[in-house]
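S.K.: Take the sequence shown: its letters are residues -2 to 223, numbered as in this note's numbering.
Note that CB positions come from ideal geometry on N, CA and C, so glycine has one too.
Got a structure for you, written out below as structure tokens; questions coming shortly.
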Amino acid sequence: MQTNRHGRLSTQVVQEIVNAIDNGTYKAGDKLPTEYELIEKFDVSRTVIREAIANLRANSLIETRQGKGAFVLPKPTMDFQLRHTGGSAADELGYILDLRIAIEAETALMAAKNRTDKDLERIKTTIRQMQSLINEEKMPLQADLNFHYAIAIASQNPHFLGLLKYIDSNLVAQKQITPISRKILALREHEQICHAIEQRDPDAARAAMRLHLSSSRERLKARLNQ
């Protein structure tokens, strides 16, 4: 319980410092308050502050210099990144899955509107692959990913595919913990999405995708909390 409390306090400290960086209180190159000053400011233990500093450093928000302290780094000019927010593993997973739900629900809607016969066959092929792997008691992870990628392709918007692959690169390890028995249920959900896309029913496709991913989110989070 003590570890969980430290984690919650550390997350709060991280968020406060991130907010201060975002609003310009701490600018690039500025030195953060000393460890002792942060302990006093946030009324927390040294362990909490050290965890928060480690988190900020891991996310390239600050750098620590031996004997000098912690300094704010310039904001990266690189492409968008899904960075750890300091929350629990279950919380972090939930944040990413919520983002995925929002994006893929609209991707499915666009696929129902724009798919070609070739797109539909590609989607159906991935479902057959998943069914075959499940029958062999193998994990259908790649076939599962390919199903969602096929829908992104069917949307006729190439940015959906690129963004989805990036999000999935942060989820693959978590997906591997899902037992095959749960994949059978997921397969049925995939079939419902495919049917809506086949019928060119955008609203049904969006609803089916949202239901599927919301269910997946709860299954993954429950498994992670075991």
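Determine the contact status of Thr123 and Phe144, defining contact as a CB-CB distance below 8 Å.
M.R.: The residue labelled residue 123 in the question sits at position 126 within the sequence shown. The residue labelled residue 144 in the question sits at position 147 within the sequence shown. Against a cut-off of 8 Å, the Cβ pair of Phe144 and Thr123 comes out as a contact.
S.K.: Give the list of continuous alpha helix (DSSP H) stretches no shorter than 4 residues that lie fully inside the stretch 74 to 142.
M.R.: Counting whole runs of 4 or more residues, the stretch 74 to 142 contains the alpha helix (DSSP H) stretches 86 to 111, 114 to 132.
S.K.: When DSSP labels each residue in this structure, what does Lys38 get in the three-state scheme?
M.R.: Numbered from its first residue, the sequence shown carries residue 38 at position 41. If DSSP states are grouped into helix, strand and coil, Lys38 belongs with the helices.
S.K.: Go ahead and label Ile174 buried or exposed: buried means 16 or more other beta carbons lie within 10 angstroms of its beta carbon, across all protein chains shown.
M.R.: By one-based count along the sequence shown, residue 174 stands at place 177. Residue placement at Ile174 cannot be trusted, given a pLDDT of 45 that sits under 50; the coordinates are not used to answer.
S.K.: Distance check for Met136 and Arg112, CA to CA, integer angstroms please.
M.R.: Locating residue 112 in the sequence shown gives position 115, counting from the first residue. Locating residue 136 in the sequence shown gives position 139, counting from the first residue. Straight-line Cα distance between these residues: approximately 28 Å.
S.K.: Within its chain, find whatever has a CB closer than 8 Å to the CB of Lys65; leave out the 5 residues flanking it on each side and keep chain order.
M.R.: Position 68 of the sequence shown holds residue 65. Lys28.
S.K.: I'd like to know whether the C-beta atoms of Ser7 and Asn52 end up nearer to each other than 8 Å.
M.R.: Here residue 7 corresponds to residue number 10 of the sequence shown, with the count starting at 1. Here residue 52 corresponds to residue number 55 of the sequence shown, with the count starting at 1. Yes, Cβ-Cβ distance for Ser7 and Asn52 is below 8 Å.
S.K.: By alpha-carbon positions, which one of Leu117, Glu186, Gln139, Arg179 ends up nearest to Ser152?
M.R.: The residue you call residue 152 lines up with position 155 of the sequence shown. Comparing Cα-Cα distances from Ser152 to each of Leu117, Glu186, Gln139, Arg179, the minimum goes to Leu117.
S.K.: What does the alpha-carbon distance come out to for the pair Phe39 and Ala99?
M.R.: On the sequence shown, position 42 is the one that residue 39 refers to. On the sequence shown, position 102 is the one that residue 99 refers to. Between Phe39 and Ala99, the C-alpha separation is close to 35 Å.
S.K.: Apart from the five residues on each side of it in sequence, which residues of its chain come closer than 7 Å, Cβ to Cβ, to Val45?
M.R.: For the purposes of this step, residue 45 is taken as the residue at position 48 of the sequence shown. Hits under 7 Å: His3, Leu6, Ser7, Val10.
S.K.: If I measure Cβ to Cβ from Leu210 and keep anything under 8 Å in the same chain, skipping five residues before and after, which residues do I get?
M.R.: Here residue 210 corresponds to residue number 213 of the sequence shown, with the count starting at 1. Same-chain partners within the cutoff: Leu94, Arg97, Ile98, Glu101, Ala102.
S.K.: What did DSSP end up calling Thr61 once you bin it into helix, strand or coil?
M.R.: Taking the first residue of the sequence shown as 1, we reach residue 61 at position 64. Looking at Thr61 - three-state DSSP - the assignment turns out to be strand.
S.K.: From Ile150 to Gly26, what distance separates their C-alpha atoms?
M.R.: Indexing the sequence shown from 1 puts residue 150 at position 153. Indexing the sequence shown from 1 puts residue 26 at position 29. Cα to Cα, the separation comes out at about 43 Å.
S.K.: Where does Asp114 land, buried or exposed, given buried means 16+ other C-beta within 10 angstroms?
M.R.: Along the sequence shown, read from residue 1 onward, the residue named residue 114 stands at position 117. Under this definition Asp114 is an exposed residue.
S.K.: Under a three-way DSSP split, which group does Lys162 fall into?
M.R.: Along the sequence shown, read from residue 1 onward, the residue named residue 162 stands at position 165. Reduced to three states, the DSSP call for Lys162 is helix.
S.K.: What separation, rounded to the nearest whole angstrom, lies between the Cα atoms of Ala87 and Ser212?
M.R.: Here the question's residue 87 lines up with position 90 in the sequence shown. Here the question's residue 212 lines up with position 215 in the sequence shown. The alpha-carbon atoms of Ala87 and Ser212 are separated by roughly 15 Å.
S.K.: Assuming Ala105 contacts Ile194 (C-beta within less than 8 Å), just tell me the rounded distance between them.
M.R.: Here the question's residue 105 lines up with position 108 in the sequence shown. Here the question's residue 194 lines up with position 197 in the sequence shown. Between Ile194 and Ala105 the Cβ distance is about 7 Å, and since that is below 8 Å, they are a contact.
S.K.: Tell me, please, whether the CB atom of Ala17 is closer than 8 Å to any CB atom in chain C?
M.R.: The structure shown contains no chain C; it is built from a single protein chain.
S.K.: Taking C-alpha atoms, which residue in Lys110, Asn154, Ile181 lies nearest to Leu138?
M.R.: Taking the first residue of the sequence shown as position 1, residue 138 is located at position 141. Comparing Cα positions, the closest option is Ile181.
S.K.: Could you pull the DSSP bridge partners for Asn157 from this structure?
M.R.: As a first step, residue 157 is located in the sequence shown; it is residue number 160 there, counting from the start. The question names Asn, but residue 157 is Phe in the sequence shown. For Phe157, which the question treats as bridged, DSSP gives no partner whatsoever.
S.K.: What are the residues that DSSP puts in a beta bridge with Phe68?
M.R.: If you number the sequence shown from 1, residue 68 lands on position 71. DSSP, once it has assigned bridges, lists Lys28, Glu60 as partnering Phe68.
S.K.: How long is the line joining the alpha carbons of Glu60 and Leu90, rounded to whole angstroms?
M.R.: Locating residue 60 in the sequence shown gives position 63, where the first residue counts as 1. Locating residue 90 in the sequence shown gives position 93, where the first residue counts as 1. Each residue's Cα considered, the two are about 26 Å apart.
S.K.: From Asp165 to Met206, what does the alpha carbon distance come to, in whole angstroms?
M.R.: Position 168 of the sequence shown, counted from the first residue, corresponds to residue 165. Position 209 of the sequence shown, counted from the first residue, corresponds to residue 206. Rounded to the nearest angstrom, the two C-alpha atoms are 16 Å apart.
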